[in-house]
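Asks:
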DNA sequence: TACCCCAGCGCG
DNA sequence: AAAGCGCGCTGGGGTA
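In the working numbering, the protein residues as written are 74 to 613.
(1) When the distance is taken between beta carbons, is residue 146 closer than 8 Å to residue 160?
(2) If I follow the unbroken alpha helix (DSSP H) through residue 267, where does it start and stop?
(3) Which residue from 225, 302 and 600 puts its Cα closest to that of residue 350?
(4) Please report the residue range of the alpha helix (DSSP H) in which residue 329 lies.
(5) In whole angstroms, what separates the C-alpha of residue 602 from that of residue 539?
(6) According to DSSP, simplified to helix, strand and coil, what is residue 561?
(7) Using 8 Å as the threshold, is the segment 589-604 in touch with the segment 399-415, meaning 3 or more CB pairs across them?
(8) Quick one: Cα of residue 222 to Cα of residue 590, how far?
(9) Grab me the residues of residue 460's own chain with a C-beta within less than 6 Å of its C-beta, minus the 5 sequence neighbours each way, in chain order.
(10) Pick helix, strand or coil for residue 482, following the three-state DSSP scheme.
(11) Count the other C-beta atoms from every protein chain shown that fall within 10 angstroms of the C-beta of residue 472, then say buried if there are 16 or more, exposed otherwise.
(12) What are the start and end residues of the alpha helix (DSSP H) that includes residue 517?
(13) What residue from 344, 577, 254 and 458 has the CA that sits closest to residue 232's CA?
(14) What separation, rounded to the nearest whole angstrom, lies between the Cα atoms of residue 251 and residue 330?
(15) Look at the Cβ atom of residue 565, then the Cβ atom of residue 385, and state whether they are nearer than 8 Å.
(16) Residue 622: buried (16+ other C-beta within 10 angstroms of its C-beta) or exposed?
(17) Within 10 angstroms of the Cβ of residue 487, are there 16 or more other Cβ atoms? Answer buried if so, exposed if not.
(18) Based on Cα-Cα distance, which residue from 368, 593, 213 and 543 lies nearest to residue 576?
(19) Just mark residue 213 as buried or exposed, buried being the case when its beta carbon has 16 or more other beta carbons within 10 Å.
(20) Three-state secondary structure (DSSP) at residue 84?
(21) Any idea if residue 520 is buried or exposed, counting beta-carbon neighbours within 10 angstroms, 16 or more meaning buried?
(22) Is the beta carbon of residue 528 less than 8 Å from the beta carbon of residue 357?
(23) Provide the residue span of the beta strand (DSSP E) that contains residue 616, from first to last.
(24) Reducing DSSP to helix, strand and coil, say where residue 424 ends up.
(25) Mind checking which residues open and close the beta strand (DSSP E) that includes residue 280?
(26) Along the beta strand (DSSP E) that carries residue 79, what are the first and last residues, could you check?
(27) CB-CB under 7 Å to residue 612, same chain, minus the five flanking residues each way: which ones, in chain order?
(28) Give me the Cα-Cα distance between residue 458 and residue 152, rounded to the nearest whole angstrom.
(29) Between which residues of its own chain and residue 570 is the CB-CB distance below 7 Å, once the five residues before and five after are set aside?
(30) To the nearest angstrom, how far is the alpha carbon of residue 290 from that of residue 272?
(31) Assign residue 346 to buried or exposed, taking buried as 16 or more other Cβ atoms, counted over all protein chains shown, within 10 Å of its Cβ.
(32) Compute the Euclidean distance between the alpha carbons of residue 111 and residue 103, then round it to the nearest angstrom.
(33) Got a sec, what are the start and stop residues for the alpha helix (DSSP H) residue 199 sits in?
(34) Go through its chain and collect everything with a Cβ distance to residue 235's Cβ below 8 Å, but skip five positions before and after it.
(35) Hey, residue 16 and residue 265: beta-carbon distance below 8 Å or not?
(36) So, helix, strand or coil for residue 155, using DSSP?
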């Protein structure tokens with residue numbers, strides 16, 4: 074059963090897509106509460122779902138037409154469909170841009186929810202999408218991706234609704250300890266000011282370390298052979314100014330990115346509520362906007378504290394991308410190296426000598442390293458695991474030729490900008506540039522299939538977990554165990570303490586289920602570390 | 001004034 | 001200024 078929502082109207086369809094009812098909607102929340110569980114079909118989850126959650130209504134399933142359209146438009150699995158052949162239209166509009174910072178005391182309803190400029194007919198679009206899936210090379214595979222993507226859209230809105238518990242007093246305490254008391258507007262906090270004075274004292278002249286230009290000039294004036302002020306370069310130099318300078322940079326970064334200003338802007342009523350953007354990265358990973366949710370530094374994770382009587386279950390999928398790579402390639406040797414710690418397994422296979430080598434070799438294989446330790450170790454991996462390495466090499470060569478690559482469930486890479494494909498060979502400089510860009514695109518497509526498939530695993534993981542969490546208790550979503558954070562291969566569930574162990578078990582179960590959804594009976598395992606902690610800083 | 005780009009660094 | 005992928009955010013510095 075499906076119900077397609079458009080402004081003021083709800084049209085119901087049976088499983089075959091036949092219209093069974095068409096009715097006006099005056100009270101959306103009441104209608105949805107009454108009809109659950111059906112699969113709600115709507116243009117954009119962020120347009121419909123925040124108001125439902127605010128009214129205390131959670132939905133089981135949906136189809137997010139905009140997100141599904143983006144997948145079907147590009148997927149090689151639906152390349153022959155009418156949807157893919159049509160000219161770009163309203164359904165191809167990119168995701169709305171991030172919400173701007175809001176003052177404290179945000180309204181209950183999400184006033185910035187995107188409103189489409191043109192009201193497109195969701196029924197017509199949904200029918201086109203059903204047609205594309207049914208006619209695809211592999212309807213089950215692409216269908217799973219659309220379901221997972223739509224579940225992700227629900228989770229993203231639910232996580233913003235719940236917010237990540239963050240204690241402002243603890244955060245301010247951390248800042249004060251590291252930086253000194255909150256400074257007056259426009260002034261440096263005490264620790265930064267005294268570090269700056271040390272830098273000036275050592276070099277013997279005044280300069281502003283916040284300005285990269287001034288800092289570079291100052292270092293060169295002091296006789297240091299540097300071409301930039303980035304810490305990887307500076308860290309190599311032996312000079313008394315380096316240690317306090319690196320300290321200054323670290324603290325300055327904390328201050329600007331996650332200091333008092335950040336706290337005032339993004340943490341309201343003890344909750345950090347960024348906007349999560351499913352499908353916001355070409356590979357299918359989520360993006361986030363507002364407060365840098367996906368960059369929450371380890372320094373301040375101590376301020377992420379569960380409510381009284383509640384706790385966090387922090388879970389991390391171990392070596393997710395290497396495992397996905399092994400499973401996708403059907404490389405039995407590499408899959409079996411992952412029966413425990415995957416890097417130890419690779420060492421045991423004899424390919425490399427140490428765990429650290431195994432790790433950089435795998436990273437090199439996934440990112441396309443050609444030099445350094447990483448590049449040097451990849452060929453040894455290729456001898457031990459030829460199928461796995463051949464898969465990423467093939468993806469890289471395809472990208473270099475300007476071809477499209479596709480993830481496990483059917484998300485395809487964008488076409489290259491392609492000027493490098495046609496670069497004439499007359500001009501040597503242009504040819505060399507074209508070759509460089511072709512290689513670069515090859516590294517992108519190489520990584521795309523792994524990162525994108527890992528993102529699909531993570532979506533399936535979270536979708537399964539979401540279902541399990543809902544059944545553990547009664548009440549509104551924030552009264553039950555619920556997801557509050559997601560970071561590519563890591564989740565945080567906020568739960569009543571008594572349910573923590575059940576939550577942890579569900580997280581592991583959902584990981585197993587996700588592995589089977591993507592890879593069937595292949596004996597690939599997706600071990601997940603779980604930690605029951607009061608504060609995020611205590612995990613790992 | 002408003003905007004855009006860059007360097008740098010945080011996360012996976 | 002990275003060798004080796006994907007992001008977002010900030011302040012500085014420039015241009016219109």
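Even glycine gets a Cβ: it sits at the ideal position worked out from N, Cα and C.
Replies: On the basis of the coordinates in this document:
(1) No, the pair does not count as a contact, with Cβ atoms beyond the cut-off.
(2) From DSSP, the alpha helix (DSSP H) with residue 267 extends over 263-276.
(3) For the residues 225, 302 and 600, the minimum Cα distance to residue 350 belongs to 225.
(4) Looking at the DSSP string, the run of the alpha helix (DSSP H) that includes residue 329 is 315-331.
(5) Residue 602 and residue 539: Cα-Cα distance of roughly 18 Å.
(6) DSSP, read as helix, strand or coil, puts residue 561 in coil.
(7) Note that the segment 589-604 touches the segment 399-415; at least 3 beta-carbon pairs, one per stretch, sit closer than 8 Å.
(8) C-alpha separation (whole angstroms): 14 Å.
(9) The answer, listed in chain order, is 402 and 404.
(10) Correct three-state label for residue 482: coil.
(11) Buried, by the Cβ-count rule.
(12) Boundaries of the alpha helix (DSSP H) harbouring residue 517: 501-543, taken from the DSSP string.
(13) Among 344, 577, 254 and 458, the Cα nearest to that of residue 232 belongs to 344.
(14) Distance from the CA of residue 251 to the CA of residue 330, rounded to the nearest whole angstrom, comes to 14 Å.
(15) In this structure, residue 565 sits near residue 385, with a CB-CB distance shorter than 8 Å.
(16) In the structure displayed, the chain extends from 74 to 613; residue 622 sits before or after that span and is not available.
(17) By the 10 Å Cβ count, residue 487 comes out exposed.
(18) The option with the nearest alpha carbon to residue 576 is 543.
(19) Per the 10 Å Cβ criterion, exposed.
(20) The answer is strand: DSSP assigns residue 84 an E or B state.
(21) Under a 10 Å Cβ-count criterion, residue 520 is classified as buried, with 16 or more other Cβ atoms of the shown protein chains found around its own Cβ.
(22) For residue 528 and residue 357, yes; Cβs fall inside 8 Å.
(23) No answer is possible for residue 616: the residues shown for the chain start at 74 and end at 613.
(24) It is coil, neither helix nor strand.
(25) Premise fails: residue 280 is in no beta strand (DSSP E) and is neither H nor E.
(26) In this chain, the beta strand (DSSP E) harbouring residue 79 covers 75-79.
(27) Taken in chain order, the residues that qualify are 387, 604 and 606.
(28) The alpha-carbon atoms of residue 458 and residue 152 are separated by roughly 32 Å.
(29) Here the set comprises 382, 383 and 384.
(30) Whole-angstrom Cα-Cα distance: 14 Å.
(31) Residue 346 should be labelled buried.
(32) Looking at the backbone, the Cα of residue 111 and that of residue 103 are separated by about 14 Å.
(33) That run of the alpha helix (DSSP H) goes 195-207.
(34) Non-local C-beta neighbours of residue 235 in its own chain, meaning closer than 8 Å and more than five positions away in sequence, comprise 344, 550, 551, 555, 556, 557 and 567, ordered along the chain.
(35) For the chain, the structure presents residues 74 to 613; residue 16 sits outside this window and is missing.
(36) The DSSP-derived three-state label of residue 155 is helix.
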